[in-house]
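S.K.: The structure follows.
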Amino acid sequence: MENREETGDEIIIYQCVGLNCRKKKSKLLEKYLKKYRLQDKIKTDAMDCSDRCKNAPVLHLHPDDKWFSDKDLGNVFKKYILNR
200 MENREETGDE IIIYQCVGLN CRKKKSKLLE KYLKKYRLQD KIKTDAMDCS
250 DRCKNAPVLH LHPDDKWFSD KDLGNVFKKY ILNR
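The C-terminal position of the sequence shown is numbered 283 in our numbering, with every residue numbered one higher than the one before it.
This is the structure in structure tokens:
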């Protein structure tokens, strides 16, 4: 079985750095990564404004192409990250 890096399916969580998202920056993401000891397995990166300001702070999960707010982070971890 190929691992995620060999297939190009590494998990990356992008954080919007637009004005609204920056003001409401998610501290939950860091907490979840530490809680599940995934700091070295999941990359995080910044992305330009996603025009989803009403849901700030906005995050994007790659390679699943899922957009979500930090309010949904627990469900996203359960459904898309911890079950891999």
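Where a beta carbon is used, it is the ideal one built from N, C-alpha and C, also for glycine.
Predicted, not measured: the structure shown is a model, and the values here were computed from it.
Leaving out five residues before and five after residue 276 in sequence, what residues of the same chain have Cβ atoms less than 8 Å from its Cβ?
M.R.: Excluding residues within five positions, the ones whose Cβ falls inside 8 Å are 231 and 235.
S.K.: Under 8 Å by Cβ, that's how I've got residue 213 and residue 244 pegged, so tell me the actual separation to the nearest angstrom.
M.R.: Between residue 244 and residue 213 the Cβ distance is about 5 Å, and since that is below 8 Å, they are a contact.
S.K.: Look at the Cβ atom of residue 263, then the Cβ atom of residue 279, and state whether they are nearer than 8 Å.
M.R.: Yes, Cβ-Cβ distance for residue 263 and residue 279 is below 8 Å.
S.K.: Can you name, in chain order, every residue of its own chain whose Cβ lies under 7 Å from the Cβ of residue 219, other than the five neighbours on each side?
M.R.: The residues are 252 and 255.
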